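A.B. asks: Adding 18 to a residue's 1-based position in the sequence shown gives its number in the working numbering. My questions all concern the structure below.
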Amino acid sequence: MNISLRLGTTLILGITVWLSPNTIEAYKEDQGLKGAVIKGQVTFQGEIPQIQSLQVNRDQKFCGESMPDNSWLVDSGSKGISHIVVNLKDIASGKALLQNNPLQMDNRGCLFQPSVILGVKGSVLNIANADPVLHNTHILQDDQTFLNVALPPGGRTIRKTLKEAGRLDVRCDAHHFMRGSLHIFDHPYFTSTDETGHFELTEVPPGTHYIQFWHQILGVKEISVTVNGSGPSVINVSFP
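Quick look at the structure:
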């Protein structure tokens, strides 16, 4: 049984090549790579909080009078946290890159669906409104507006190219309870935790790597792990 504290799913898309702001050269494929697996689980430490309700002050006929504060998802059995974004930091070479694909973010049921999107630099973000009410998609990067567009019912799909790697916060100014995020990478080593908090990164090059775990409420953790190529490296992380 899951205790929900942000509704939505995570969309994982393909990879392309670009210049990272943190490296001199673009990510390179290692044709002779014999990598290993990094896997593990992210859990919540302590008593799971009660779900709070957020008041809806607009479009109550469609959205309802209140919405759950779905800022995160915790499995009540394992205490695993889903939608934790996991990635390797500053990795310059490794497994093969994949073709990038469009990213889709829908305003549906007074929610961003999916609420957490993972993709790559150079991807095109498609934003659409499936609801019979006016939405506003406001995307910010480092507290600066990246995109701010009104989406009337039945309106056209908005398309925006994501030219830089990094994290972007998404909100609807018309409905304050609607929140989401975009995570854009310059390498193929990223994923998100499943419903029980488990994750897996495959074909990781041998050596010491820093893994970053991100959550919109609980914050960021970074852990180093050494991969020797002889078997999976298991990393278990807890957020207080």
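No residue lacks a Cβ here, since even glycine has one placed at the ideal position from N, Cα and C. Please read all numbers here as calculations on a predicted model, not as lab measurements.
CB-CB under 8 Å to residue 83, same chain, minus the five flanking residues each way: which ones, in chain order?
C.D. replies: Correct list, in chain order: 73, 74.
A.B. asks: Apart from the five residues on each side of it in sequence, which residues of its chain come closer than 8 Å, Cβ to Cβ, to residue 149?
C.D. replies: Taken in chain order, the residues that qualify are 80, 125, 126, 127, 128, 171.
A.B. asks: So who's on the other strand from residue 86, going by DSSP bridges?
C.D. replies: In DSSP, residue 86 forms a bridge with 71.
A.B. asks: Where do the N-terminal and C-terminal ends of the beta strand (DSSP E) with residue 128 fall, by residue?
C.D. replies: Where residue 128 is concerned, there is no enclosing beta strand (DSSP E), given that its DSSP letter is neither H nor E.
A.B. asks: Please determine, among 158, 255, 222, 237, the residue with the shortest C-alpha to C-alpha distance to residue 247.
C.D. replies: The shortest C-alpha separation from residue 247 is found at 222.
A.B. asks: Let me check understanding here. Comparing Cα to Cα, which of 245, 175, 231, 169 lies closest to residue 99?
C.D. replies: Residue 231 is the option with its Cα nearest to residue 99.
A.B. asks: Less than 9 Å between the C-beta atoms of residue 180 and residue 199, yes or no?
C.D. replies: Not a contact, by the Cβ cut-off of 9 Å.
A.B. asks: Thinking C-beta only, is residue 133 closer than 9 Å to residue 197?
C.D. replies: In contact: residue 197 and residue 133 (Cβ atoms closer than 9 Å).
A.B. asks: What is the rounded straight-line gap between the Cα of residue 208 and the Cα of residue 192?
C.D. replies: Those two C-alpha atoms are separated by around 32 Å.
A.B. asks: Mind checking residue 69: buried by the 16 CB within 10 Å criterion, or exposed?
C.D. replies: Exposed: under 16 other Cβ atoms inside 10 Å.
A.B. asks: Where does residue 78 sit, in a helix, a strand or coil, going by DSSP?
C.D. replies: It is helical.
A.B. asks: Please tell me whether residue 204 and residue 45 are closer than 9 Å, where the distance is taken between their beta carbons.
C.D. replies: For residue 204 and residue 45, yes; Cβs fall inside 9 Å.
A.B. asks: Just the C-alpha distance for residue 103 and residue 220, rounded to the nearest angstrom, thanks.
C.D. replies: Cα to Cα, residue 103 sits roughly 15 Å from residue 220.
A.B. asks: Go ahead and pull the three-state DSSP assignment for residue 225.
C.D. replies: The answer is strand: DSSP assigns residue 225 an E or B state.
A.B. asks: Compare the C-alpha of residue 71 against each of 210, 201, 218, 195 and name the closest.
C.D. replies: That would be 195, whose Cα lies nearest to the Cα of residue 71.
A.B. asks: To which residues of the same chain is residue 109 closer than 6 Å at the C-beta, ignoring the five residues directly before and after it?
C.D. replies: Taken in chain order, the residues that qualify are 205, 207.
A.B. asks: Would the beta-carbon of residue 217 fall within 9 Å of that of residue 92?
C.D. replies: Their beta carbons are not under 9 Å apart, which means residue 217 does not touch residue 92 by this criterion.
A.B. asks: By DSSP, does residue 169 sit in helix, in strand, or in coil?
C.D. replies: Three-state result, residue 169: strand.
A.B. asks: Let me confirm a value: residue 211 is counted as buried when at least 16 other C-beta atoms fall within 10 Å, else exposed. Which label applies?
C.D. replies: With 16 or more Cβ atoms within 10 Å of its Cβ, residue 211 is classed as buried.
A.B. asks: Mind checking which residues open and close the beta strand (DSSP E) that includes residue 62?
C.D. replies: Segment 54-62, the beta strand (DSSP E) holding residue 62.
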